[in-house]
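Numbering (the UniProt record's numbering), first residue to last: 1 to 75.
Below you'll find the structure, written out as structure tokens, and then a few comments.
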Ligand SMILES: [Zn+2]
């Protein structure tokens with residue numbers, strides 16, 4: 001893969017670039033210009049977010065009907 005610095009990628013209006021250096025997790029991969037993270041890390045992060053959202057949703061809807069607030073206990 002051709003080595004392109006972030007500055008070059010920016011100048012060429014590329015969405016991705018490749019430094020030839022491993023990311024902080026050790027992936028040799030292209031990086032996104034937007035965040036500077038490699039595409040493997042990016043994918044991992046997106047998958048993690050999806051999984052987390054699913055967990056939160058199943059927690060929130062467990063035992064209740066979606067959109068219906070649980071009744072307050074009488075004091
Ligand atoms: Zn990475």
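We put the beta carbon where it would ideally sit given N, CA and C, even for glycine.
Strand pairing of residue i, partner residues [DSSP]
| i | result |
| --- | --- |
| residue 38 | 31 |
| residue 17 | 31 |
Best match in the options for proximity to residue i [C-alpha to C-alpha]
| i | options | result |
| --- | --- | --- |
| residue 19 | 35, 13 and 2 | 2 |
| residue 28 | 45, 34, 40 and 36 | 40 |
| residue 24 | 46, 15 and 36 | 36 |
| residue 26 | 15, 34 and 38 | 38 |
Rounded C-alpha distance that separates residue i from residue j
| i | j | result |
| --- | --- | --- |
| residue 32 | residue 17 | 7 Å |
| residue 71 | residue 8 | 59 Å |
| residue 59 | residue 42 | 26 Å |
| residue 73 | residue 34 | 49 Å |
| residue 4 | residue 46 | 25 Å |
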